[in-house]
Amino acid sequence: MQLIFDGHNDVLLRLWEHAQKGADPIAEFVDGTDQGHIDAPRAKKGGLAGGFCAMFIPPNEDYPAREVDQNGHYNIPMVGPLEQPAALNTAIGMAAIAFRLERAGALTICRSTAGIRSAMAAGRFAAVLHIEGCEPIAEDLSTLEAFYAAGLRSLGPVWSRHNRFGHGVPFAYPSSPDTGPGLTDAGVELVKACDRLGIMIDLAHITEQGFWDVAKTSTQPLVATHSNVHALTPISRNLTDRQLDAIRERKGIAGLNYATTMLRPDGLENADTPLSEMVRHIDHMVERMGIDCVALGSDFDGATIPAAIGDAAGGQALVEALRSAGYGEDDLAKLCRENWLRLLKSVWREA
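Residue numbers (our numbering): 958 to 1308.
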């Protein structure tokens, strides 16, 4: 079994939402459930040893449905902005669940690559706290300092909606990721602060202009934790070959997103998607960037994924598909975990 350290999941969102309805989020994760994608038993079964656990603030309104026209095209309207105080309360609630899980012995909140390796060796889920969309962060960045002290080590300035720091891409097919402006002045300062503190910047949901704004502002490797190949699936969330080239040049990473809308040539949400589509995207990224710049970023608990994987328990199905496609064990180790650990060691400025 190849242990997997994964670039993106939304398990804290799922646990927080269930807690709002009266469920026990600690028991749900520790004992297991038939809900969502990740809990401790399924993670252990599938070799999911850890990953970036997102604090994502859900929209205030119902998210618009995906309306597909007769050509298979869609462009989901973006939801409105969020107020910072309410978003901060939600993020703190998700962080509190993570800390309670740590006290229960179910995971370790990791602040170093040594901590990640130690947690994985002990069989504890190695969690890196991540903010997906910086609505909880005050413009003066005082809350960023507080989150860093609490263990935050990664963030995406935007989700697929606009905020005070920048502009996100809509969920649209077919569409270029060049859908609007990039970072605001506040976003530039956020990126500089992340570089100073050693917080990884995730470019997964930002516009193409925002991608280049971060590339110009940051000195760190360029990272898109859960994005695929635009040349294969022309959805706005995927990366152009030019963006992949920039990630290679900066020794960054693109993490394969398991979302079927970002894998299939037709961009549709359909769990009946073969693993060969995932291998196809990995192959393109490896050919374009090299094996050291490609990893996994499942989007577990945040997307419809191929039925052949199903949930965290099925993670080794992708590993086996890659093995059958000719990837050796050293390369599989890089794709599954070692590339993330190499990058984090650089971003976190470890000796």
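Even glycine gets a Cβ: it sits at the ideal position worked out from N, Cα and C.
Taking the alpha helix (DSSP H) that residue i belongs to, which residues open and close that run?
i, result
"Arg-1074", "1070-1078"
"Met-1051", "1041-1060"
"Asn-1296", "1296-1304"
"Val-1148", "1142-1154"
"Gly-1003", "997-1003"
"Gly-1139", "Segment: none, Gly-1139 is in no alpha helix (DSSP H) and carries neither H nor E."
"Ala-1172", "1165-1174"
Under a three-way DSSP split, which group does residue i fall into?
i, result
"Met-1219", "helix"
"Cys-1067", "coil"
"Met-1012", "strand"
"Leu-1201", "helix"
"Val-1025", "coil"
"Leu-1196", "strand"
"Asp-988", "helix"
Between which two residues does the beta strand (DSSP E) containing residue i stretch?
i, result
"Phe-962", "961-966"
"Gly-979", "Gly-979 -> no beta strand (DSSP E), and no H or E assigned at all."
"Ala-1211", "1210-1213"
"Asn-1032", "1031-1033"
Am I right that residue i and residue j are in contact with their C-beta atoms under 8 angstroms? What's the rounded C-beta distance?
i, j, result
"Cys-1091", "Leu-1064", "Actually they are not in contact, since the Cβ atoms of Cys-1091 and Leu-1064 sit about 23 angstroms apart, beyond 8 angstroms."
"Asp-996", "Gly-1254", "With a Cβ gap of about 19 angstroms, Asp-996 and Gly-1254 do not count as contacting."
"Trp-1169", "Gly-1139", "7 angstroms"
"Phe-1122", "Leu-1058", "Their Cβ separation, rounded to whole angstroms, is 28 angstroms, which puts Phe-1122 and Leu-1058 out of contact at 8 angstroms."
"Ser-1175", "Ile-1192", "Actually they are not in contact, since the Cβ atoms of Ser-1175 and Ile-1192 sit about 25 angstroms apart, beyond 8 angstroms."
"Thr-1182", "Gly-1212", "5 angstroms"
"Val-1171", "Leu-1160", "6 angstroms"
"Asn-966", "Gly-1008", "6 angstroms"
"Gln-924", "Leu-1289", "Shown here, the chain extends from 958 to 1308; a query on residue 924 therefore has no answer."
"Val-1036", "Arg-971", "The Cβ separation is near 19 angstroms, so there is no contact."
"Leu-969", "Ala-1000", "That belief does not hold up - the Cβ atoms of Leu-969 and Ala-1000 are roughly 14 angstroms apart, past 8 angstroms."
"Arg-1110", "Leu-1086", "6 angstroms"
"Gly-1062", "Trp-973", "The pair is not a contact, with the Cβ atoms about 20 angstroms apart (cut-off 8 angstroms)."
"Gly-989", "Pro-982", "Between Pro-982 and Gly-989 the Cβ distance is about 13 angstroms, and since that is not below 8 angstroms, they are no contact."
So with Cβ pairs under 8 angstroms, would you call residue i a contact of chain B?
i, result
"Gly-1254", "Reference to chain B is not applicable here, since this structure consists of a single protein chain."
What residues in its chain sit with their C-beta under 6 angstroms from that of residue i, if we drop five residues either side in the sequence?
i, result
"Gly-1137", "His-1124, Thr-1164"
"Ala-1274", "Ala-1265, Ile-1266"
"Pro-1034", "Pro-1021"
"Pro-1093", "Ala-1044, Leu-1045, Ala-1048"
"Ala-1260", "Ala-1216"
"Arg-1299", "none"
Give every residue of the same chain whose Cβ lies closer than 8 angstroms to the Cβ of residue i, excluding the five residues on either side of it in the sequence, and list them in chain order.
i, result
"Asp-931", "The structure shown does not extend to residue 931, since the chain is modelled only from 958 through 1308, so no value can be given for it."
"Gly-1080", "Lys-1001"
Beta-carbon within less than 7 angstroms of residue i's beta-carbon, same chain only, minus the 5 sequence neighbours each way: which residues are those?
i, result
"Leu-1220", "Asn-1185, Thr-1190, Thr-1230, Glu-1234, Met-1235, His-1238"
"Trp-1116", "Phe-1013, Glu-1089, Gly-1090, Gly-1125, His-1162"
"Glu-1307", "Ser-1069, Thr-1070"
"Met-1077", "Leu-960, Ala-1006, Gly-1007, Ala-1083"
Give, in chain order, every unbroken run of the beta strand (DSSP E) that is at least 3 residues long and sits entirely within the stretch 1074-1128. 1082-1089, 1109-1113
Only counting runs of 3 or more residues, tell me where the beta strand (DSSP E) segments fall wholly within the stretch 1222-1290, in order along the chain. 1251-1253
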